[in-house]
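J.: Chains as they are written, first to last, in numbering that gives the first Met the number 0: chain A, 0 to 210; chain B, 0 to 210. For each residue, glycine too, the CB sits at the ideal point set by N, CA and C. Below you'll find the structure I mean.
There are 2 protein chains.
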Amino acid sequence: MVAQKRERKLPAERREEILAQAARIALSEGLERVTLRSVAEPLGVRPSLINHYFPSVDALIVSAFDSAMTRERARLFAGDGAPLDRLASFIARVENADGVALTRLWLNARNFARFNTQLALSLAYQESLDRQLLVDLLNSGVEAGEFACADTLAACIRIFVAIDGVGVYINNPSDFSHPVFTNYISDVTAWAVETDAVELRERVARAAATY
Amino acid sequence: MVAQKRERKLPAERREEILAQAARIALSEGLERVTLRSVAEPLGVRPSLINHYFPSVDALIVSAFDSAMTRERARLFAGDGAPLDRLASFIARVENADGVALTRLWLNARNFARFNTQLALSLAYQESLDRQLLVDLLNSGVEAGEFACADTLAACIRIFVAIDGVGVYINNPSDFSHPVFTNYISDVTAWAVETDAVELRERVARAAATY
DNA sequence: TGCGCTATTGACTTCGTAGTCAATAGCTTA
DNA sequence: TAAGCTATTGACTACGAAGTCAATAGCGCA
């Protein structure tokens, strides 16, 4: 709480800094914790400055969500190699410790969307981007002959619904370790892309071990 | 806003009335909308009366959630008949228009659990009750020879994760009508209990039509 | 070096929330 | 019909949030 000398930055830079901080809070503490104060304080500025760059907190929240999602998506789909291994890596990253914050944010945003139309629209758009990347991945797997899958969009939908289904339990006090639950994403994915469930489980485990 | 004569009720009755109102708000508007004022106003009482019966709003929210869940569960699992038809009815009710409010409440509670430990515990307990009822239903189906299912708890978990996975999209602005999505619960259920997917879809459709 | 532009602040208003507690008034009972 | 118990209220405090706007002060440029 030391009175510091005020630091003047270029608008673009300051704006970016605010956005990054808001995204950090959204990811770690939740969208409802993104407030003028919570964003301003760690940056050492006054709340009204946040207002200066973002006309309303709601707009900031939506931007923060977009920003966090874009960054996390890149992380999730990163890497190359054979399609089946990339798919396994993707699943492993989703289930990873780092994936927890992202899973929480998704759940958070999905509830938030009920009260904030703009966020609902942004969320739907972010979903479509995710689907696009997964469909691309599945298509390359089909082309490579690694799995037979008549309809890659259908498979993609099944996989994401499985991810979301498992994700809703993220805030449960004690986690649920039934093997059918812990392997749910792999199993549904194997079902969706018509490949062997046991092998996929193993590949996912191997991918997870490399972190 | 007419100044009415104050009405004095028996504590048990008043308490029940408050709880019912809170549950109604939780179901229709969300747990975050359960406030001293929002509950008091429609009952024609002052906010401090709510405080008199419930030491804290958080406690009221948890009780309201429990109450809403208990009532809705009874509705969801109601009915008799052959196990497979009861299973189909259950799915149809989940997907029903009336199921929407319940789905929203689940999503809502799952996000809320992040910030409210008591609610998290209550939610886990409510989940266990649901699982118990579905396992019972599945067991009776296996006994009746209607479907083969080695591990009914495993099947139950798969079915609920599917329900939750579909449920997270409840607040999306435009709904997603890909057949793989709209039939997701039926398809996963058929996969889980090793029965025919097409037949189950039809039974669910038939069950849905009877409302 | 000093001027001007504008990023940043401070002081403020308004709103909605939870909660406390003494005072009030409805109902029951004697 | 009067007394007493207690359900209910009113007035209050305290908090934290969004947002407005005139005043201030850093920085670039002349």
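(1) At a CB-CB cut-off below 9 angstroms, which residues of chain B make contact with Ile156/A?
(2) List the residues of chain A that Asp163/B touches, going by C-beta distances under 7 angstroms, in chain order.
(3) With a threshold of 7 angstroms between beta carbons, is Asn50/A in contact with chain B?
(4) Using beta carbons (cut-off 7 angstroms, strictly below), is Val160/A in contact with chain B?
(5) Would you say Asn115/A lies against chain B (beta-carbon separation less than 7 angstroms)?
(6) Taking its Cβ as the centre, do 16 or more other Cβ atoms sit within 10 Å of Ala108/A, making it buried, or is it exposed?
(7) Enumerate, from N- to C-terminal direction, the unbroken alpha helix (DSSP H) stretches of 4 or more residues contained entirely within the stretch 87 to 153 of chain B.
(8) Taking contact to mean at least 3 C-beta pairs separated by less than 8 angstroms, is the stretch 24 to 43 of chain A in contact with the stretch 96 to 103 of chain A?
(9) Exposed or buried, Tyr168/A, counting other C-beta atoms within 10 Å across all chains shown (16 or more means buried)?
(10) Mind checking which residues open and close the alpha helix (DSSP H) that includes Val187/A?
(11) List, in order along the chain, the chain A residues whose C-beta lies closer than 9 angstroms to that of Pro172/B?
(12) In its own chain, which residues sit with a C-beta less than 7 angstroms from the C-beta of Ile162/A, not counting the 5 before and 5 after it?
(13) What residues of chain A sit near Arg130/B, judged by a beta carbon separation below 9 angstroms?
(14) Check the C-beta distance from Gly78/B over to Ser88/B and give it rounded, since I have them as a contact under 8 angstroms.
(15) List, in order along the chain, the chain B residues whose C-beta lies closer than 7 angstroms to that of Ala149/A?
(16) If you count every other CB in all the chains shown that lies within 10 Å of the CB of Pro178/B, and 16 or more means buried, which is it?
(17) So, is Thr116/A buried or exposed, given that buried needs 16 or more other C-beta atoms within 10 angstroms?
(18) Going along the stretch 29 to 53 of chain A in order, which residues come within less than 7 angstroms of chain B, judged by CB to CB distance?
(19) Out of curiosity, what's the CA-to-CA distance linking Asp195/A and Arg113/B?
(20) Cutting at 6 angstroms between CB atoms, please list the residues of its own chain near Ala19/B, excluding the five before and the five after it.
(21) Does the beta carbon of Ala58/B sit closer than 7 angstroms to a beta carbon anywhere in chain A?
(22) Using a Cβ-Cβ distance under 7 angstroms, would Ala206/B count as near chain A?
(23) Inspect the beta-carbon positions of Thr181/A and Ile158/A and report whether they are closer than 7 angstroms.
(24) Nearest to Asp97/B by alpha carbon, out of Arg14/B, Asp186/B, Leu75/B?
(25) Any beta-carbon of chain A closer than 7 angstroms to the one on Arg92/B?
(26) Buried or exposed: Ala143/B, going by 16 or more other Cβ atoms within 10 Å of its Cβ?
(27) Phe77/A versus chain B: which residues are under 7 angstroms apart at the beta carbon?
(28) Would DSSP call Met0/B helix, strand or coil?
(29) When you compare the CB positions of Ala123/B and Asn110/A, do they come within less than 7 angstroms of one another, or not?
(30) Which one of Leu59/A, Ser173/A, Arg7/A has the shortest CA to CA distance from Ser121/A?
T.: Well, looking at it:
(1) Phe175, His177, Val179, Phe180, Tyr183
(2) Gly164, Val167
(3) no
(4) yes
(5) no
(6) buried
(7) 96 to 111, 116 to 142
(8) yes
(9) buried
(10) 183 to 192
(11) Ala112, Thr116, Ala119, Leu120, Leu122, Ala123
(12) Val93, Ile184
(13) Within 9 angstroms Cβ-Cβ: nothing; Arg130/B doesn't reach chain A, min ~10 angstroms.
(14) 5 angstroms
(15) Residues of chain B passing the Cβ test: none, with the nearest at roughly 11 angstroms.
(16) exposed
(17) exposed
(18) Gly29
(19) 36 angstroms
(20) none
(21) no
(22) no
(23) no
(24) Leu75/B
(25) no
(26) exposed
(27) A quick correction: the sequence has Ala, not Phe, at residue 77/A. By Cβ distance, chain B contributes nothing, its closest Cβ being about 25 angstroms from Ala77/A, past 7 angstroms.
(28) With a pLDDT of 38 at Met0/B, under the threshold of 50, the modelled position of that residue is not reliable, and the figure given next carries that caveat. The answer is coil: DSSP assigns Met0/B none of H, G, I, E or B.
(29) no
(30) Leu59/A
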